[in-house]
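Q: Residue numbers (the working numbering), protein chains in the order written: chain A, 932 to 1040; chain B, 149 to 258.
All residues carry an ideal CB built from backbone N, CA and C; glycine is no exception.
Below is a structure I'd like to ask you about.
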């Protein structure tokens, strides 16, 4: 069966520090992968999606970037975090429907 | 660009009531529609997936309908329980991405 792993679960980082969140999928090949952000009390905003290795589409201009170095690995990064980057980050892959990871709560202080 | 709206934003009901959550979307050319549940601080759990060719899906006390032409979906919860308290999210898939509504926060009181 397909599973999706996302880590870390929580992260507190100072402003200006770098960020790396990792997401991996098991049990499927060449999945479409997604990064979403959920700000407090708001809906999910699509940040990036990838249909294959090295293929990244960005939805909104922002302080973040994404990479897909391997078929089942999707990484969300930032060189210098801003306070506004705080939020709940979710990774997902799509098969028949979408399956989400358990999320990372990022607090930038 | 697809826009997804959910009403109401919040709902509080006594235990045992049947309830309906609403979702509307602006672009009817969807591949599928999915309802999720999110508990506080947690990820999303898929409840029901309706393909664009389907009208409804059922799972236990949950029933989701889809009217693609009018851009609407409803999630019906029968005999609500306190354990149903959560935020319910509707999402529609066009092309390679999925757009979400802001959710309905449901509270079921014992």
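Terminal residues of the continuous beta strand (DSSP E) containing residue 186/B?
A: Indexing the second chain from 1 puts residue 186/B at position 38. 180-186 is the extent of the beta strand (DSSP E) around residue 186/B.
Q: Going by other Cβ atoms of all chains shown within 10 Å of its Cβ, with 16 needed for buried, is residue 926/A buried or exposed?
A: Residue numbering for chain A in the displayed model covers 932 to 1040; residue 926/A lies beyond these limits and cannot be assessed.
Q: Return the Cβ separation of residue 195/B and residue 203/B in integer angstroms, given the expectation that the two are a contact with Cβ distance under 8 Å.
A: Taking the first residue of the second chain as 1, we reach residue 195/B at position 47. Taking the first residue of the second chain as 1, we reach residue 203/B at position 55. The pair is not a contact, with the Cβ atoms about 17 Å apart (cut-off 8 Å).
Q: For residue 162/B, write down the residues that DSSP places opposite it in a beta bridge.
A: Counting from 1 along the second chain, the entry for residue 162/B is found at position 14. In the DSSP output, where bridge partners are listed per residue, residue 162/B has 257/B.
Q: Nearest chain A C-beta to residue 182/B closer than 8 Å, yes or no?
A: For this step, residue 182/B is matched to residue 34 along the second chain. So yes, residue 182/B belongs to the interface.
Q: Going by the DSSP bridge assignment, what does residue 245/B pair with across the sheet?
A: As a position in the second chain, residue 245/B is number 97, starting the count at 1. According to DSSP, residue 245/B bridges with 242/B.
Q: How many angstroms separate the CA atom of residue 253/B from the CA atom of residue 1008/A?
A: Here residue 253/B corresponds to residue number 105 of the second chain, with the count starting at 1. Here residue 1008/A corresponds to residue number 77 of the first chain, with the count starting at 1. Distance between the alpha carbons of residue 253/B and residue 1008/A is about 31 Å.
Q: Quick check: residue 234/B and residue 209/B, are their CB atoms within less than 8 Å of each other?
A: Locating residue 234/B in the second chain gives position 86, where the first residue counts as 1. Locating residue 209/B in the second chain gives position 61, where the first residue counts as 1. No, Cβ-Cβ distance for residue 234/B and residue 209/B is not below 8 Å.
Q: DSSP has residue 983/A in a bridge; who is on the other side?
A: Numbered from 1 along the first chain, position 52 holds the residue referred to as residue 983/A. Paired residue(s): 986/A.
Q: Under 7 Å between beta-carbons, which chain A residues line up against residue 244/B? List them in chain order, please.
A: What you label residue 244/B is simply residue 96 of the second chain in a count that begins at 1. Going along chain A in sequence order, the residues near residue 244/B (Cβ under 7 Å) are 963, 980 and 982.
Q: Specify whether the stretch 155-172 of chain B and the stretch 974-993 of chain A touch according to this definition: at least 3 beta carbon pairs, one from each stretch, less than 8 Å apart.
A: Touching, no, given that fewer than three Cβ pairs across the two stretches are closer than 8 Å.
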